[in-house]
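If you read the sequence shown in this note's numbering, its first letter stands for residue 282, the second for the next number, and so on.
Below you'll find the structure, written out as structure tokens, and then a few comments.
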Amino acid sequence: MFRKFLNLTGVQENGNDSNMYERIETYAAEEEIMRTDNNNNKVQQKLAKDEDDIVNVKNIRDDTRKYVVACAIFASLNSVLLGYDVGVMSGAIIFIQQDLKITETQQEILVGILSIVSLLGSLAGGKTSDTIGRKWTMALACIVFQSGTAIMALAPSYQILMIGRLLAGIGIGFGIMIAPVYIAEISPSIARGSLTSFPEIFINLGILLGYISNYVFSGLPVHSNWRIMLGVGIAPSVFLGFALFIIPESPRWLVMQNRIEEARTVLLKTYDDTKEVDQRLAEIQITARIANAEKYKEKAVWLEILNPSPAIKRMLITGCGIQCFQQISGIDATVYYSPTIFKDAGIEGNTELLAATVAVGFTKTMFILVAIFLIDKLGRKPLLYISTIGMTISLFCLSFTLTFLGDQRFGIGLAILFVCSNVAFFSVGIGPICWVVSSEIFTLRLRAQASGLGAVGSRVSSGVICMSFLTLSRAITVGGTFFVFSVISALSVVFVHTCVPETKGKSLEQIEMLFQKGSELQVGGEIEMGDAECLVQRQ
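Below you can see the structure in the form of structure tokens.
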């Protein structure tokens, strides 16, 4: 069973099949040779290809495959925390309102503030992970989140509940920023897309668990049921705490700290071919030397982000833009307020509302597996097109249903169908690929801080949407709100076409070269490695 799951991630089984892939050359393996054109004797520079650069994917050992997947799974446990909070709060808020007698505005603040506050963790996460390492930043995220969750579960008043919510938000901010960065830096290129989307899988799993928790504990007394719902969220961070003693540090961070032999040891566990390990290590060292040289010249990372070169600007637009579009199309509002949506469609009774949300959580979790299977086969951009177009249609149809077919049995069925189809299209594309792309595209010296900035955009967008959903729905109806989301989703299709390159099968260093040649972003053109010297020469 585990072997089938490993195959699903895109890392192939051992075998004798002749299916091969040719790794694109990088500057670390370049060798320039001179050739004479027989027609016009014009001397051209070409890149020599080494036959050893043709690698058989099938030869990845079983233990290597399991090791990489295990690291990705453990690193993704932080994402369960965010997903669980999103799912559980959708139901817990019903009982919190009844127990603590809070207003509608207080409900919006309680739900949305976590996303806003998590930006503090995301912003601090970049510098923190560069200082103490990727792995121990995940540990810090666990500790802060556990503290916040414990306070929420024991809160006697709304004010104390908000203090716990603030702490939990900071912990989640650390977690959602560092997990994709860590996985991208430790994964082989051939499976990076599948593995980097693991955090999104675990977010969806957390949402489903949150929905199930709501349904299971909803029958308990109002004073205690929501406390148990929230308190159960501590469990994933406990597992991650133990996992941190198993998983290694990121090899790219180790190189940045000049711990070369430790980095090589980690790479030997994630790549089978020794020559490939040496090549990847050489690439990372060259990139790290550039980053360290720039630090030596006191070119501050944040200053470069605030005053970016054209290539860095393109990276920021792509990384931050896709993070924002992921949220402003209303996915967190759909998940947090799914009971409100179904109540507007005509479903009555808390138990029935929470049961309908379980169907949404199950759909969201199942369809993320489709993305994992296809992301390194079909590619990032085709899945983004399918996702954003499908979401646009689903949101428009949901808007139409809630506006014209509400309170009818047929309308209730359609509302559930379109909510499920919306989260399905989200999970098959922009949900996981958003994190994959934003962790792939940034240069090594900027990766942690820029990924943190992208996560900030995601969390702020989510917070604004969640903190205004009830107010906006009361002003223009729930159906009208989802029509607005459908228009935003349509704009995301245009953004994907113009700003997101195809990164399938490319190393992180090769992806960096794509953004040096901005004209190729729309078509995802091949990298001409003769231009790789630009990577070394740029300042």
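Using N, Cα and C, we set each Cβ at its ideal position, and we do this for glycine too.
Heavy atom of the ligand MN within 7 Å of residue 694 beta-carbon: Absent from the structure shown: the ligand MN. Ligands present: none.
Collapsed DSSP secondary structure at residue 538 in the structure displayed: Working through the sequence shown from its first residue, we reach residue 538 at position 257. It is coil, neither helix nor strand.
Element boundaries [alpha helix (DSSP H), containing residue 478]: The sequence position of residue 478 within the sequence shown is 197, counting from 1. Where residue 478 is concerned, there is no enclosing alpha helix (DSSP H), because DSSP gives it neither an H nor an E.
From 684, 449, 693, 412, residue whose alpha carbon lies closest to that of residue 757: On the sequence shown, residue 757 is found 476 positions in, with the first residue counted as 1. Comparing Cα-Cα distances from residue 757 to each of 684, 449, 693, 412, the minimum goes to 684.
As assigned by DSSP and simplified to three states, the class of residue 506: In the sequence shown, residue 506 corresponds to position 225, counting from 1. In the displayed model, residue 506 falls within a helix according to three-state DSSP.
Length of the line joining the Cα atoms of residue 449 and residue 366: The residue given as residue 449 occupies position 168 in the sequence shown. The residue given as residue 366 occupies position 85 in the sequence shown. C-alpha separation (whole angstroms): 9 Å.
Backbone CA spacing between residue 527 and residue 520 [nearest angstrom]: The residue labelled residue 527 in the question sits at position 246 within the sequence shown. The residue labelled residue 520 in the question sits at position 239 within the sequence shown. Inter-residue distance for residue 527 and residue 520 is about 11 Å (C-alpha atoms, whole angstroms).
Closest Cα partner of residue 585 within the set 747, 358, 726, 350: For the purposes of this step, residue 585 is identified with residue 304 of the sequence shown, where counting begins at 1. Comparing alpha carbon positions, the residue from 747, 358, 726, 350 closest to residue 585 is 726.
Through-space distance from residue 720 to residue 782, alpha-carbon basis: For the purposes of this step, residue 782 is taken as the residue at position 501 of the sequence shown. For the purposes of this step, residue 720 is taken as the residue at position 439 of the sequence shown. Cα-Cα distance, rounded: 13 Å.
C-alpha distance - residue 544 paired with residue 563, whole-angstrom precision: To locate residue 544, count along the sequence shown from 1; it is residue 263. To locate residue 563, count along the sequence shown from 1; it is residue 282. Taken atom to atom, the span from the alpha-carbon of residue 544 to that of residue 563 is near 11 Å.
Burial state of residue 413, where buried means 16 or more other Cβ atoms lie within 10 Å: Taking the first residue of the sequence shown as 1, we reach residue 413 at position 132. Its Cβ having fewer than 16 others within 10 Å, residue 413 is exposed.
Of the listed residues 490, 710, 681, 427, nearest to residue 662 (C-alpha basis): Here residue 662 is taken as the residue at index 381 of the sequence shown, counted from 1. Comparing Cα-Cα distances from residue 662 to each of 490, 710, 681, 427, the minimum goes to 710.
Sufficient close CB pairs (3 or more, under 8 Å) joining the segment 474-481 to the segment 493-503: Segment contact: the segment 474-481 against the segment 493-503, fewer than three CB-CB distances shorter than 8 Å; contact not assigned.
Neighbourhood of residue 423 by C-beta, 6 Å cutoff - its chain only, sequence neighbours within 5 removed: By one-based count along the sequence shown, residue 423 stands at place 142. Cβ within range, chain order: 518, 521, 522.
Contact the segment 382-402 vs the segment 743-750: 3+ CB pairs below 8 Å: Of all C-beta pairs linking the segment 382-402 to the segment 743-750, three or more are shorter than 8 Å, placing the two stretches in contact.
Status (buried if at least 16 other CB within 10 Å, exposed otherwise) for residue 532: As a position in the sequence shown, residue 532 is number 251, starting the count at 1. By the 10 Å Cβ count, residue 532 comes out buried.
Beta-carbon proximity list for residue 447, same chain, < 6 Å, skipping 5 on both sides: Position 166 of the sequence shown, counting from 1, holds the residue named residue 447. Taken in chain order, the residues that qualify are 398.
Rounded Cβ spacing between residue 248 and residue 759 (contact assumed at less than 8 Å): With the chain running from 282 to 820 in the structure shown, residue 248 is simply not present.
Continuous alpha helix (DSSP H) stretch holding residue 436: start and end: The residue labelled residue 436 in the question sits at position 155 within the sequence shown. Segment: none, residue 436 is in no alpha helix (DSSP H) and carries neither H nor E.
Segment contact flag, the segment 416-434 with the segment 694-705, C-beta cutoff 8 Å, min 3 pairs: Result no; under three Cβ-Cβ pairs closer than 8 Å.
Three-state class that DSSP yields for residue 591 in the structure shown: As a first step, residue 591 is located in the sequence shown; it is residue number 310 there, counting from the start. Correct three-state label for residue 591: helix.
Inter-residue spacing [alpha-carbon to alpha-carbon] between residue 692 and residue 642: The sequence position of residue 692 within the sequence shown is 411, counting from 1. The sequence position of residue 642 within the sequence shown is 361, counting from 1. The C-alpha of residue 692 lies about 20 Å from the C-alpha of residue 642.
Residue 486 beta carbon less than 8 Å from that of residue 646: Along the sequence shown, read from residue 1 onward, the residue named residue 646 stands at position 365. Along the sequence shown, read from residue 1 onward, the residue named residue 486 stands at position 205. Result yes, Cβ atoms of residue 646 and residue 486 sit closer than 8 Å.
Environment of residue 351 [buried if 16+ CB atoms lie within 10 Å]: For the purposes of this step, residue 351 is identified with residue 70 of the sequence shown, where counting begins at 1. It counts as exposed.
Complete alpha helix (DSSP H) runs within the segment 683-759 (minimum length 4 residues, chain order): Under the rule that a run must span 4 or more residues, the alpha helix (DSSP H) segments found entirely inside the segment 683-759 read 690-709, 711-721.
Residue 658 to residue 404 span [Cα, whole Å]: Numbered from 1 along the sequence shown, position 377 holds the residue referred to as residue 658. Numbered from 1 along the sequence shown, position 123 holds the residue referred to as residue 404. The C-alpha of residue 658 lies about 33 Å from the C-alpha of residue 404.
C-alpha distance - residue 722 paired with residue 503, whole-angstrom precision: Working through the sequence shown from its first residue, we reach residue 722 at position 441. Working through the sequence shown from its first residue, we reach residue 503 at position 222. So the two alpha carbons sit approximately 47 Å from each other.
First through last residue of the alpha helix (DSSP H) which encompasses residue 620: As a first step, residue 620 must be located in the sequence shown, where it is residue number 339. Where residue 620 is concerned, the enclosing alpha helix (DSSP H) stretches over 619-626.
Nearest residue (CA-CA) to residue 769, options 795, 669, 678, 732: Translated into the one-based positions of the sequence shown, residue 769 becomes position 488. In terms of Cα proximity to residue 769, the closest of 795, 669, 678, 732 is 669.
Neighbour-count burial assignment, residue 451, 16 or more Cβ in a 10 Å radius: Stepping through the sequence shown from its first residue, residue 451 is reached at position 170. With 16 or more Cβ atoms within 10 Å of its Cβ, residue 451 is classed as buried.
For residue 600 and residue 776, believed in contact at Cβ under 8 Å, the rounded distance: Here the question's residue 776 lines up with position 495 in the sequence shown. Here the question's residue 600 lines up with position 319 in the sequence shown. With 8 Å as the limit, residue 776 and residue 600 do not qualify as a contact, their Cβ atoms being about 12 Å apart.
8 Å contact criterion, which residue 767 and residue 673 should meet: CB distance rounded: Taking the first residue of the sequence shown as position 1, residue 767 is located at position 486. Taking the first residue of the sequence shown as position 1, residue 673 is located at position 392. The distance from the Cβ of residue 767 to that of residue 673 is about 6 Å, consistent with a contact at the 8 Å cut-off.
Under 8 Å between C-beta atoms of residue 539 and residue 460: Locating residue 539 in the sequence shown gives position 258, where the first residue counts as 1. Locating residue 460 in the sequence shown gives position 179, where the first residue counts as 1. Not closer than 8 Å, so no.
Rounded straight-line distance, which links the Cα of residue 429 to that of residue 401: The sequence position of residue 401 within the sequence shown is 120, counting from 1. The sequence position of residue 429 within the sequence shown is 148, counting from 1. Roughly 15 Å between the two C-alpha positions.
Contact set for residue 389: own chain, Cβ-Cβ below 8 Å, skip 5 residues either direction: Reading the sequence shown from its first residue, position 108 is the one you call residue 389. Excluding positions up to five away in sequence, the list reads 747, 748, 749, 750, 751, 752.
Among 724, 622, 407, the one whose alpha carbon lies nearest that of residue 761: The residue you call residue 761 lines up with position 480 of the sequence shown. The shortest CA-to-CA distance from residue 761 to any of 724, 622, 407 is the one to 622.
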